[in-house]
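Protein chains in written order, with this note's numbering: chain R, 68 to 220; chain B, 594 to 769.
Glycine is no exception: its CB is placed at the ideal position from the N, C-alpha and C atoms.
This report refers to the structure that appears directly beneath it.
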């Protein structure tokens with residue numbers, strides 16, 4: 068009796084594995100593809116979370132939608148277009164390059180260039196503010212004497 | 594002199610951007626559906642589920658589609674305004690009961706009043722996705738040709754009803 072009990076206890080961990088999330092599809096490949104795409108999409112309810120990580124109900128609905136569209140054979144780009152047609156560019160974490168996103172995309176580089184230019188101008192100015200002065204021979208001798216002294220020690 | 598002017602100018606520009614940013618609402622995401630045909634659907638009526646409604650049925654009329662739910666708190670704020678609007682009989686308001694239980698929706702309308710010409714049940718929220726709904730309540734102004742002309746995200750207030758929605762409806766009524 069006791070042995071059977073111990074044996075049963077040993078079997079217990081088999082039942083203890085974590086349950087899968089409710090809306091996991093049975094098809095693992097599809098699920099991976101869905102999550103991969105959903106990570107590039109924004110949840111409109113939480114705004115700072117991706118569709119893959121959000122717990123909002125809408126995000127769950129949209130994951131279901133993406134999964135179904137994939138089953139229908141739509142490509143990732145087609146699914147993105149489908150969502151953009153409904154929610155706008157805002158659903159994309161990576162905004163497309165358009166006339167009104169140019170500043171967003173290239174503004175930082177423009178700022179960097181401006182910064183570099185300012186730095187160069189400043190450096191030039193400083194150089195011209197400190198002209199090199201030729202040492203007199205007396206000073207030269209003193210300098211080398213000092214340097215040699217240092218070496219001897 | 595330049596030493597002081599330049600940082601000051603930078604500060605003013607930055608402060609200007611931040612000031613404008615204060616009055617922007619990050620929740621108000623512009624809808625790509627403005628100027629496009631209202632997505633087609635065929636949904637059962639709340640009170641008479643065997644009967645179906647489609648936007649085609651109201652072509653030739655200016656109408657509002659108000660997305661709401663009994664579980665939505667800010668819908669309760671907006672509800673009296675809708676009831677008032679319905680009493681004035683200016684524009685038909687169709688309610689899209691989004692991801693809701695029928696009995697809950699019926700109870701809400703029974704106790705708070707029913708401002709809707711017709712209520713449609715979008716139980717699984719699929720029509721909501723087609724309309725780009727991401728937070729209830731949302732309200733769409735749809736013209737006689739079935740084109741979405743305006744979207745209000747969040748509850749209707751007296752102010753935006755007076756300043757945006759009603760002028761838009763009046764303007765659209767005059768068009769063929």
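- For residue 699 of chain B, the enclosing alpha helix (DSSP H) stretches over residues 695–705.
- In this structure, the beta-carbon distance from residue 729 of chain B to residue 761 of chain B does not fall below 8 Å.
- Contact of residue 170 of chain R with chain B is not assigned, every C-beta pair being separated by 8 Å or more.
- Counting only the Cα atoms, residue 711 of chain B lies some 10 Å from residue 641 of chain B.
- Per the coordinates, the alpha-carbon of residue 648 of chain B lies some 10 Å from the alpha-carbon of residue 738 of chain B.
- Counting along the chain, residue 611 of chain B sits inside the alpha helix (DSSP H) bounded by residues 595–615.
- Here the alpha carbons of residue 692 of chain B and residue 632 of chain B stand approximately 18 Å from one another.
- Bridge pairing for residue 630 of chain B: B/740 [DSSP].
- In the three-state reduction of the DSSP assignment, residue 747 of chain B falls in the coil class, being assigned neither a helical nor a strand state.
- Distance between residue 626 of chain B and residue 704 of chain B, taken at the CA atoms: about 34 Å.
- Residue 725 of chain B has its alpha-carbon roughly 15 Å from the corresponding atom of residue 113 of chain R.
- Under the three-state reduction of DSSP, residue 216 of chain R is assigned to helix.
- Short of 8 Å from the beta carbon of residue 666 of chain B, and not among the five residues preceding or following it, lies no beta carbon of its own chain.
- DSSP lists no bridge partner for residue 664 of chain B.
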